[in-house]
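Take 7 as the starting number for the sequence shown in the working numbering and just add one per residue.
All residues carry an ideal CB built from backbone N, CA and C; glycine is no exception.
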Amino acid sequence: MRPIRWLRKNLVVVFGVLTLVYLIVPNLVVLLFSFNKPNGRYNYTWTRFSTDAWQHPCGVAGMCDSLTLSLKLAVYATIGATVLGTMTAFALARYRFRGRATTNMLIFLPMAMPEVVMGASLGTLFLNMRIQFGFWTILIAHIMFCLSFVVVAVKARVMSMDPRLEQAAQDLYASPTQTFLRVTLPLAAPGIAAGALLSFALSFDDYIITSFNAGNTVTFPMFVWGSAQRGTPVQVNVIGTAMFVIAVLLVLAGQLLGSSRRKVR
């Protein structure tokens with residue numbers, strides 16, 4: 007009976023640990039196989055330990071070019087979606103206007119709509135407008151796709167903010183600009199940062215929407231898919247491991263920064 011009681015008491019913790027293991031194990035496999043040296047083209051079975059792929063991460067023709075393109079697209083899409091999404095979130099959370107309910111519904115459509123439908127629709131739009139497929143069509147598609155996630159993250163943060171803090175700043179003769187920059191924006195910063203990080207990850211990782219609007223342009227996910235048909239190179243695992251480590255470091259840095267600020271207060 008004791009094990010059953012312990013399990014009931016710690017059920018949430020057990021499920022949390024199992025979920026974390028479920029999420030981490032694939033990344034550990036990628037890390038492990040980034041040090042593999044396969045005999046053939048396919049990096050699916052462990053052969054022997056080697057650091058050759060880490061010493062020459064750009065050893066595969068075209069891979070680093072596609073990686074650079076994906077990073078550039080992710081940065082630009084993040085900036086565009088974060089700026090537009092933040093302004094939209096403030097408008098939806100703070101103001102009442104005609105069409106507000108319809109706008110709220112339309113914001114959620116890209117999140118609920120299958121990516122195949124959105125990618126095909128945007129591709130048809132660009133074809134009818136006679137716009138050449140390439141960098142800019144991918145960027146427009148990524149901003150449109152990421153915008154909804156930014157609006158949801160920032161809107162949730164804005165709606166949870168205490169309006170009395172802004173009223174207090176105004177009572178202390180702060181101008182609207184000063185109130186926004188020194189009170190409103192710092193309070194909304196966690197939601198904005200969450201939306202920006204989510205946008206970057208979604209843009210960098212997207213394949214389906216990109217494939218409909220890329221033309222001859224090859225992003226990193228498209229390169230990985232194409233190379234998988236002939237044998238995935240070990241360098242792909244190296245890039246995946248590096249991105250995972252950078253993401254973990256950013257999260258840890260954010261947690262440490264937040265804890266240090268709370269200690270100062």
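Item, Value
"Give the range of the alpha helix (DSSP H) segment to which Val228 is assigned.", "The residue asked about is misnamed: residue 228 is Met in this sequence, not Val. Element bounds for Met228: 226-234."
"In this structure, how does DSSP classify Asn49 when only helix, strand and coil are distinguished?", "coil"
"Check the C-beta distance from Ile144 over to Ala220 and give it rounded, since I have them as a contact under 8 Å.", "6 Å"
"Taking only three categories from DSSP, how would you classify Phe151?", "helix"
"Could you name the residues of the same chain whose beta carbon sits closer than 7 Å to that of Gln241, not counting the 5 residues immediately before and after it, in chain order?", "Ala59, Pro63, Gly65, Val66, Met69"
"List the whole-angstrom C-beta distance separating Ala99 from Val164, where the pair is believed to meet the contact cut-off of C-beta under 8 Å.", "4 Å"
"Taking buried to mean at least 16 other C-beta atoms within 10 Å of its own C-beta, is Met124 buried or exposed?", "buried"
"Using DSSP bridges, identify the partner residues of Phe55.", "Asn42"
"Which residue comes first and which comes last in the alpha helix (DSSP H) that contains Arg188?", "Run containing Arg188: none; DSSP gives neither H nor E here."
"Label Gly86 either buried or exposed according to how many other C-beta atoms from any shown protein chain fall within 10 Å of its C-beta, with 16 as the threshold for buried.", "buried"
"Taking only three categories from DSSP, how would you classify Met119?", "coil"
"Buried or exposed for Phe132, going by 16 or more other Cβ atoms inside 10 Å?", "buried"
"Leaving aside the five residues before and after Asp168 along the sequence, list all residues of the same chain whose C-beta is less than 7 Å from its C-beta, in chain order.", "none"
"Let me check understanding here. Comparing Cα to Cα, which of Ala180, Thr247, Leu262, Phe96 lies closest to Trp39?", "The sequence shown places Phe at residue 39, not Trp. That would be Thr247, whose Cα lies nearest to the Cα of Phe39."
"So Ser166 is in the alpha helix (DSSP H); what residue range does that whole segment cover?", "Neither: Ser166 is in no alpha helix (DSSP H) and is coded neither H nor E."
"Output needed for Cys229: all residues of its chain with C-beta closer than 7 Å, excluding positions within five of it in sequence on either side, in chain order.", "According to the sequence provided, residue 229 is Phe. The question's Cys does not apply to it. Cβ within range, chain order: Gly68, Met69, Ser72."
"Tell me whether the beta-carbon of Phe155 lies closer than 8 Å to the beta-carbon of Gly201.", "yes"
"Could you give the first and the last residue of the continuous alpha helix (DSSP H) run that contains Asn219?", "214-219"
"So Ala99 is in the alpha helix (DSSP H); what residue range does that whole segment cover?", "69-100"
"Would Ala259 and Lys161 qualify as a contact pair, given that the criterion is a beta-carbon distance under 8 Å?", "no"
"To the nearest angstrom, how far is it from the Cα of Leu153 to the Cα of Ile113?", "8 Å"
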